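To start, the structure itself, in structure tokens.
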Amino acid sequence: MPYTKVLNHNYLKEFISVVQPLLIGTIIRYFSSKDLVNNVTATDARNASIMLCFSLCFQSIIRNHFYIHTQRIAIRVKTAISVLVFEKILRIRQTTTETSVGQILNLFTNDLNKFD
Numbered sequence: 001m002p003y004t005k006v007l008n009h010n011y012l013k014e015f016i017s018v019v020q021p022l023l024i025g026t027i028i029r030y031f032s033s034k035d036l037v038n039n040v041t042a043t044d045a046r047n048a049s050i051m052l053c054f055s056l057c058f059q060s061i062i063r064n065h066f067y068i069h070t071q072r073i074a075i076r077v078k079t080a081i082s083v084l085v086f087e088k089i090l091r092i093r094q095t096t097t098e099t100s101v102g103q104i105l106n107l108f109t110n111d112l113n114k115f116d
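Taken in order, the sequence shown gives residues 1 to 116; the numbers are from UniProt numbering.
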């Protein structure tokens with residue numbers, strides 16, 4: 001379920017990043033148009049600026065949720081991998097290996113620190 005949330009947030013973030021330059025272009029055309037071909041009214045420019053402000057706020061909220069969900073997924077993956085490695089360590093008999101428990105735990109923590 002959280003994977004679909006991440007994808008939905010990513011799609012919304014990308015959609016907003018496509019719309020923002022169009023809104024900025026409308027505002028620039030309003031201030032730079034002297035001819036009647038690309039004439040943008042003051043109402044259009046005002047609406048574009050309001051929509052740009054809302055899109056920036058919405059984009060920051062979406063980005064925050066996107067990072068939260070990706071962090072949750074990363075923590076779940078790290079936990080699953082650490083459980084697999086720990087179960088593998090428990091299956092190794094200490095009498096058949098020449099390593100001590102401290103060395104095994106040191107390897108375990110070093111491998112898990114690579115995920116940070």
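All residues carry an ideal CB built from backbone N, CA and C; glycine is no exception.
Source: prediction; values computed, not measured.
query, result
"Length of the line joining the Cα atoms of Ala42 and Ile68", "39 Å"
"Rounded C-alpha distance that separates Leu105 from Arg63", "37 Å"
"The stretch 77-92 contacting the stretch 42-61, beta-carbon criterion three pairs below 8 Å", "no"
"Top-ranked residue by Cα proximity to Tyr11, from Phe58, Asn110, Thr79 and Ser82", "Phe58"
"Ranges of the alpha helix (DSSP H) found wholly within the stretch 2-68, counting only runs of at least 4", "2-32"
"Cβ separation of Asp111 and Val85, assumed to be a contact under 8 Å, to the nearest whole Å", "6 Å"
"CB-CB length for Lys13 against Phe66, believed under 8 Å", "6 Å"
"Contacts around Ala48, its chain only, beta-carbon distance under 7 Å, and the 5 residues preceding and following it disregarded", "Leu23, Thr26 and Ile27"
"N-terminal and C-terminal residue of the alpha helix (DSSP H) that Ile104 is part of", "Val101 to Asn113"
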